Amino acid sequence: MMAAIELRDVRKSFQSLEVIRGISLTVGEGAFTVFVGPSGCGKSTLLRMIAGLEEIGSGEIRIDGRRCDHLLPAARGLAMVFQSYALYPHMSVGQNLRFGLENLKVPKAEIDARVARAADILEISHLMKRRPSQLSGGQSQRVAIGRAIVKEPKAFLFDEPLSNLDAELRVKMRGELVALHRRLGSTMVYVTHDQVEAMTMADQIVVLREGAVEQVGAPIDLYARPANQFVAGFLGAPQ
Ligand code: ADP
Ligand code: MG
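Residues in the sequence shown are numbered consecutively from 1, following UniProt numbering.
Following this line, the structure appears as structure tokens:
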């Protein structure tokens, strides 16, 4: 249930503006990889192209070695968690967790088991009958993560999932997501503009700037041996 994700010379333009300028990288199988860079550098666009929510301009995306840049999102075996939670407002928490699996015709007993397990991991079992409007931000984000977990995806894609939470909860959820990664062992790609999140959560960091990769490495490597002034300045290392 783990996948490596490979990008080869991926490019994307909106009108005449090239926002992804030839990105090649490998997301290690089972690793917690963070794409970090300033607002507008192309992080969401890149993640959406991996998810299949945005067409690539050119290049290749492979999951487990298999070319997938032509596949619909549902066929890629990935699960994405958004900053905005994107819960279905008219459904209970329980229904939100079940909905995707029912669509995929997963047997009911299997759905029950997966939902119970995810609810247990995220400590949301007591919220199953509530509507999204009756949840706090932190609870909403747990449900959104739960909805990804029940899919048992080959990889999780997170787009700034903690940005809407208050500072204290954000710190708590960082720790919980790292613990979740350890527990599931899944490949996770996590997008953020927050250097602290990148440095504290990642196995592997990809530093992006204006649609290109500046450096890839473990947090300690980027801190100790930044490739250039941008990386050093952005990650707050001494220059
Ligand atoms: P980030 O997530 O790093 O903040 P984005 O991927 O959202 O960056 O955006 C990268 C660049 O692409 C920005 O200049 C943004 O304005 C532009 N962009 C993103 N989506 C669209 C779109 N659908 N149409 C036109 N420009 C877009
Ligand atoms: Mg973004």
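Cβ atoms here follow ideal geometry from the backbone N, Cα and C, with glycine treated the same way. These numbers come from a predicted model, not from an experiment.
For residue i, I'd like the list of residues in its chain whose CB is within less than 6 angstroms of its CB, leaving aside the five on either flank, ordered along the chain.
{"i": "N103", "result": "none"}
{"i": "R170", "result": "L162"}
{"i": "P89", "result": "P132"}
{"i": "P238", "result": "Bear in mind that the predicted position of P238 carries a pLDDT of just 49, short of 50, making it unreliable; the figure below should be weighed with that in mind. Correct list: empty, nothing qualifies."}
{"i": "L47", "result": "L157, D159 and V191"}
{"i": "S13", "result": "G57"}
For the putative contact between residue i and residue j, defined by C-beta atoms under 8 angstroms, what is the C-beta separation to the nearest angstrom?
{"i": "L165", "j": "G137", "result": "5 angstroms"}
{"i": "L97", "j": "A113", "result": "Not confirmed; about 12 angstroms, so no contact."}
{"i": "A218", "j": "Q195", "result": "Actually they are not in contact, since the Cβ atoms of A218 and Q195 sit about 15 angstroms apart, beyond 8 angstroms."}
{"i": "A79", "j": "A148", "result": "4 angstroms"}
{"i": "I20", "j": "G175", "result": "Not a contact, Cβ separation roughly 31 angstroms."}
{"i": "R11", "j": "G57", "result": "5 angstroms"}
{"i": "Q215", "j": "V189", "result": "Not really, about 17 angstroms apart at Cβ, beyond 8 angstroms."}
{"i": "A4", "j": "T187", "result": "7 angstroms"}
For residue i, I'd like the list of residues in its chain whose CB is within less than 8 angstroms of its CB, leaving aside the five on either flank, ordered along the chain.
{"i": "R213", "result": "The amino acid occupying residue 213 in the given sequence is Val; Arg does not appear at that position. Counting only Cβ-Cβ distances below 8 angstroms, and skipping sequence neighbours, we find I23, S24, L25, V206 and V207."}
By Cβ distance below 7 angstroms, which residues in the same chain neighbour residue i in space, the five residues on each side in sequence not counted?
{"i": "C41", "result": "L208, R209, E210 and G211"}
Is the stretch 136-145 close to the stretch 76-94, with three or more CB pairs under 8 angstroms?
-> yes
Taking a cut-off of 5 angstroms, which residues have a beta-carbon closer than that to any heavy atom of the ligand ADP, in chain order?
-> F14, V19, S39, G40, C41, G42, K43, S44 and T45
Evaluate the contact criterion for the stretch 31-43 versus the stretch 58-77: three or more CB pairs, one atom per stretch, below 8 angstroms.
-> no
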